[in-house]
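A short write-up of the structure that comes next.
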Amino acid sequence: MKKIVLLITLSVLLLNTFSFSQDESFLGLCFGAALPLGEFAETDFYDKSNGYANTGFMFSFDGAWFPDDYLGIGGTVTFASNNPDKIKYKQDLKQYLNDSTDLGEILDENFVVDYGVWKYLNIFIGPNFTYPVGRSNIDARILAGVSFGWQPGQTIDATDANESAFSRKVEGKAIAALGYCVGGGVRYAFKSGYVLRIIAEFANSKPKFEYTSEIRLEQIQGDEYEIVVEKETYEMPFKNVHLGIGIAYNFDM
Numbered sequence: 003m004k005k006i007v008l009l010i011t012l013s014v015l016l017l018n019t020f021s022f023s024q025d026e027s028f029l030g031l032c033f034g035a036a037l038p039l040g041e042f043a044e045t046d047f048y049d050k051s052n053g054y055a056n057t058g059f060m061f062s063f064d065g066a067w068f069p070d071d072y073l074g075i076g077g078t079v080t081f082a083s084n085n086p087d088k089i090k091y092k093q094d095l096k097q098y099l100n101d102s103t104d105l106g107e108i109l110d111e112n113f114v115v116d117y118g119v120w121k122y123l124n125i126f127i128g129p130n131f132t133y134p135v136g137r138s139n140i141d142a143r144i145l146a147g148v149s150f151g152w153q154p155g156q157t158i159d160a161t162d163a164n165e166s167a168f169s170r171k172v173e174g175k176a177i178a179a180l181g182y183c184v185g186g187g188v189r190y191a192f193k194s195g196y197v198l199r200i201i202a203e204f205a206n207s208k209p210k211f212e213y214t215s216e217i218r219l220e221q222i223q224g225d226e227y228e229i230v231v232e233k234e235t236y237e238m239p240f241k242n243v244h245l246g247i248g249i250a251y252n253f254d255m
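Okay, so the sequence shown: first residue is 3 according to this note's numbering, each after it adds one.
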């Protein structure tokens with residue numbers, strides 16, 4: 003008899019769990035880590051597509067509308083930032099100045115570098131797929147749109163043993179490019195309509211930035227020289243894996 007009662011109780015609980023009806027559309031916030039991949043994380047100073055990027059932070063506002071039980075359309079506004087490996091970058095920059103300019107040896111106490119962070123803002127839209135499992139939804143999406151990228155602001159002051167000086171300032175300007183993201187997540191709904199949400203996705207864009215391709219001293223007249231800086235453009239592949247956790251609200255329209 004006890005086994006029958008236990009079996010009936012478990013059956014009722016399972017039926018209650020899987021018969022729980024929830025709204026598929028949602029609005030939500032997520033925050034978490036931005037993990038750099040490929041050239042964005044590599045540290046070859048002479049390859050300008052290497053970003054020296056370390057693990058950073060991401061924050062997103064997401065939403066999706068499902069007119070169908072499984073298919074819908076959604077979007078995201080995602081901000082992410084990655085700090086570069088500033089110690090490694092400073093060492094490589096110092097070596098580059100020693101090797102590529104007519105400056106003498108630069109001492110550490112005469113070498114000041116202020117280096118900012120990589121940042122981007124993605125505004126994407128595209129198809130969403132969801133599969134309800136009890137109180138949960140398994141989500142997937144492919145989004146594309148415009149991405150605004152900022153290279154790290156940079157201020158350099160260097161003086162060699164002969165007191166020859168070099169200085170440079172780079173402003174971090176927003177550059178627009180096309181981008182996309184592919185990923186998915188899981189939503190677990192409470193009876194109040196609020197949702198615990200976990201996401202994992204790959205995001206990619208390639209804004210074009212300006213960089214200094216050559217620094218040289220040119221003789222003006224007599225003993226007078228000037229530093230000539232030549233610039234070119236390069237593509238920086240913002241490749242990040244976003245891992246986030248957050249809250250959302252499920253609704254029906």
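Glycine included, each C-beta is placed from N, C-alpha and C at the ideal position.
Treat the numbers as computed from the prediction; the structure is a model and nothing was measured.
Using the C-alpha atoms, what's the distance from residue j back to residue i?
i: residue 31; j: residue 61; result: 8 Å
i: residue 252; j: residue 138; result: 11 Å
i: residue 179; j: residue 223; result: 44 Å
i: residue 113; j: residue 152; result: 24 Å
i: residue 145; j: residue 248; result: 19 Å
i: residue 245; j: residue 185; result: 10 Å
i: residue 22; j: residue 47; result: For residue 22, the predicted structure reports a pLDDT of 39, less than 50, and the residue's modelled location is therefore unreliable. A value from the coordinates is still provided. When rounded, the distance between both Cα atoms is 56 Å.
i: residue 121; j: residue 203; result: 17 Å
i: residue 239; j: residue 143; result: 21 Å
i: residue 195; j: residue 201; result: 19 Å
i: residue 45; j: residue 174; result: 20 Å
i: residue 154; j: residue 77; result: 27 Å
i: residue 254; j: residue 73; result: 14 Å
i: residue 52; j: residue 158; result: 19 Å
i: residue 89; j: residue 69; result: 51 Å
i: residue 58; j: residue 208; result: 18 Å
With the cut-off set at 8 Å, would you say residue i and residue j are in Cβ contact?
i: residue 87; j: residue 56; result: yes
i: residue 38; j: residue 242; result: yes
i: residue 210; j: residue 182; result: no
i: residue 94; j: residue 26; result: no
i: residue 85; j: residue 115; result: no
In its own chain, which residues sit with a C-beta less than 8 Å from the C-beta of residue i, not counting the 5 before and 5 after it?
i: residue 75; result: 66, 67, 127, 128, 129, 130
i: residue 263; result: With the chain covering only 3 through 255, there is no way to say anything about residue 263.
DSSP on residue i, reduced to helix/strand/coil?
i: residue 92; result: helix
i: residue 41; result: helix
i: residue 72; result: coil
i: residue 252; result: strand
i: residue 116; result: strand
i: residue 124; result: strand
i: residue 54; result: coil
i: residue 141; result: strand
i: residue 46; result: coil
i: residue 223; result: strand
i: residue 97; result: helix
i: residue 242; result: strand
i: residue 173; result: coil
i: residue 153; result: coil
Give every residue of the same chain whose Cβ lies closer than 6 Å to the Cβ of residue i, excluding the five residues on either side of it in the sequence, and list them in chain order.
i: residue 125; result: 79, 147, 148
i: residue 141; result: 132, 186, 187
i: residue 123; result: 81, 150
i: residue 1; result: This structure cannot speak to residue 1, because the chain is shown only from 3 to 255.
Round the Cβ separation of residue i and residue j to the nearest angstrom and send it over; I've been treating them as touching at under 8 Å.
i: residue 36; j: residue 82; result: 4 Å
i: residue 176; j: residue 192; result: About 39 Å; that fails the 8 Å criterion.
i: residue 156; j: residue 172; result: 4 Å
Once you ignore the five residues that flank residue i on each side, which residues in its own chain have a CB closer than 7 Å to its CB?
i: residue 250; result: 28, 29, 30, 189, 197, 199
i: residue 91; result: 54, 117
i: residue 34; result: 60, 244, 245, 246, 247
Please tell me whether, using a cut-off of 7 Å, the distance from the CB of residue i to the nearest non-hydrogen atom of the ligand GTP is below it.
i: residue 76; result: Ligands in the displayed structure: none, and consequently the ligand GTP is not present.
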